[in-house]
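The working numbering numbers the first residue of the sequence shown as 14 and each following residue consecutively. C-beta: ideal position from N, C-alpha, C; glycine also. Report on the following structure.
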Amino acid sequence: MDQKYIDIYDEFTHSDSMTRRELLEKLTRAAGGAAAAVAVMPMLENNYVNAQTVAENLKTKYISYQGVSGKMRGYLARPKKKPKGGFPSVLVIHENRGLNPHIEDVARRAANAGFMALAVDALSPLGGTPKDMDEARGMIGKLDREKTVGDFVAGVKYLKENSKSNGKVGCVGFCWGGSMANQMAVNSPDMRAAVAFYGGQPKAEDVPKIKGAVMLHYAGLDERINAGIDAYKEALSKAKVEFEVFVYDNVNHAFHNDTNEARYNKEAAELAWSRTVEFWKKHLA
Numbered sequence: 014m015d016q017k018y019i020d021i022y023d024e025f026t027h028s029d030s031m032t033r034r035e036l037l038e039k040l041t042r043a044a045g046g047a048a049a050a051v052a053v054m055p056m057l058e059n060n061y062v063n064a065q066t067v068a069e070n071l072k073t074k075y076i077s078y079q080g081v082s083g084k085m086r087g088y089l090a091r092p093k094k095k096p097k098g099g100f101p102s103v104l105v106i107h108e109n110r111g112l113n114p115h116i117e118d119v120a121r122r123a124a125n126a127g128f129m130a131l132a133v134d135a136l137s138p139l140g141g142t143p144k145d146m147d148e149a150r151g152m153i154g155k156l157d158r159e160k161t162v163g164d165f166v167a168g169v170k171y172l173k174e175n176s177k178s179n180g181k182v183g184c185v186g187f188c189w190g191g192s193m194a195n196q197m198a199v200n201s202p203d204m205r206a207a208v209a210f211y212g213g214q215p216k217a218e219d220v221p222k223i224k225g226a227v228m229l230h231y232a233g234l235d236e237r238i239n240a241g242i243d244a245y246k247e248a249l250s251k252a253k254v255e256f257e258v259f260v261y262d263n264v265n266h267a268f269h270n271d272t273n274e275a276r277y278n279k280e281a282a283e284l285a286w287s288r289t290v291e292f293w294k295k296h297l298a
């Protein structure tokens, strides 16, 4: 996949104003024709048919809890057998496409690794995640950011107080959710182990509020997000926050998303996920 197509789609994904028609026009110019642009599109977009982690040894269900914005819907996954002392628990925070099959699959992966995982639908206050990915992207921009952070903080509380939890909570977020994972580190005193995949960094003055440990995964080709790495590292060091930073060379933003043919990098994704699981085990067990 030529990087120019990924860059154009990135611009669309993170824009509040670019329409799908404008996206197709740009792809058509870059590809040299409409037919070529149409052929490229399926590789750039997520194919949720691939989100099929086996869940036969898991218990999964949809739950609701009270957030700042009202009732929040979430997908809860955990192993069938409860360990002595309860499950270490993690909040899974979606990209700007809402709670979709891929993010539910990430929750099942966390459950398969021994955690109780809750994937929250941040769009619950607006009626929930729609099937149309573009519609979901537009809805994300309509959320009240402060209230949304509060909704996720309430999700941490739900996990901590769950009768099957050991009371120790971490999180993982991707893209928009990666930014929210960093906000969870800042705003939730109960957050023990926050993991952000290619997420926007918090303000330097907020970093001293972080009480738990932080793990940060970045894509080497993601110039937009990577511009904030050095300042974040400096703030974390000054605040004496325990943190780890990994930059995966020659991979794109969203390299962990295995439903996206153009971006997914198996080697980097599996390494980042294994590091995430070990990080959680260290801080949440």
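- Pairing residue 97 with residue 20, the inter-Cα distance amounts to about 48 angstroms.
- Around the Cβ of residue 83, a 10 Å sphere holds fewer than 16 other Cβ atoms; the residue is exposed.
- Shown here for residue 165: same chain residues with a beta carbon closer than 7 angstroms to its own, the five before and five after excluded, namely 104, 106, 133, 193, 197 in chain order.
- Around the beta-carbon of residue 145, fewer than 16 other beta-carbon atoms lie within 10 Å, marking it exposed.
- Here residue 79 carries a strand assignment [DSSP, helix/strand/coil].
- Membership of residue 260 in the beta strand (DSSP E) is indicated by the continuous run 256-261.
- Beta-bridge annotation (DSSP): residue 186 is paired with 106, 209.
- A contact is defined here as three or more CB-CB pairs under 8 angstroms, and the region 215-222 fails this definition with respect to the region 173-191.
- Contact between residue 229 and residue 209 holds: CB atoms are separated by about 5 angstroms, below the 8 angstroms threshold.
- The beta carbon of residue 257 sits closer than 6 angstroms to the beta carbons of 228 from its chain, once the five residues preceding and following it are set aside; these are given in chain order.
- The beta carbon of residue 260 sits closer than 6 angstroms to the beta carbons of 231, 233 from its chain, once the five residues preceding and following it are set aside; these are given in chain order.
- According to DSSP, residue 292 shares a beta bridge with no other residue.
- Contact between residue 223 and residue 244 is absent: CB atoms are separated by about 15 angstroms, not below the 8 angstroms threshold.
- Around the CB of residue 280, fewer than 16 other CB atoms lie within 10 Å, so the residue is classed as exposed.
- Contact between residue 267 and residue 273 holds: CB atoms are separated by about 6 angstroms, below the 8 angstroms threshold.
- Setting aside the 5 residues that flank it on each side, residue 142 is surrounded in the same chain by 111, 112, 134, 136, 149, each with a C-beta closer than 6 angstroms to its C-beta; the list follows chain order.
- In the structure shown, residue 165 adopts helical secondary structure according to DSSP, grouped into three states.
- Counting along the chain, the unbroken beta strand (DSSP E) around residue 131 starts and ends at 129-133.
- Residue 140 counts as exposed, since fewer than 16 other C-beta atoms from the protein chains shown sit within 10 angstroms of its C-beta.
- The beta carbon of residue 201 lies closer than 7 angstroms to those of 166, 169 in the same chain, with the five residues before and after it left out.
- Boundaries of the beta strand (DSSP E) around residue 226: 226-232.
- In the displayed model, residue 268 falls within coil according to three-state DSSP, outside both helix and strand.
- Looking at the backbone, the Cα of residue 264 and that of residue 118 are separated by about 22 angstroms.
- In the structure shown, residue 276 adopts coil according to DSSP, grouped into three states.
- DSSP places residue 124 inside the alpha helix (DSSP H), whose first and last residues are 114-125.
- Boundaries of the alpha helix (DSSP H) harbouring residue 249: 242-251, taken from the DSSP string.
- Here DSSP, grouped into helix, strand and coil, assigns residue 41 to helix.
- Distance from the CA of residue 128 to the CA of residue 77, rounded to the nearest whole angstrom, comes to 19 angstroms.
- Taking every protein chain shown into account, the CB of residue 250 has fewer than 16 other CB atoms within 10 angstroms, so this residue is exposed.
- The three-state reading of DSSP puts residue 141 in coil, since its state is none of H, G, I, E or B.
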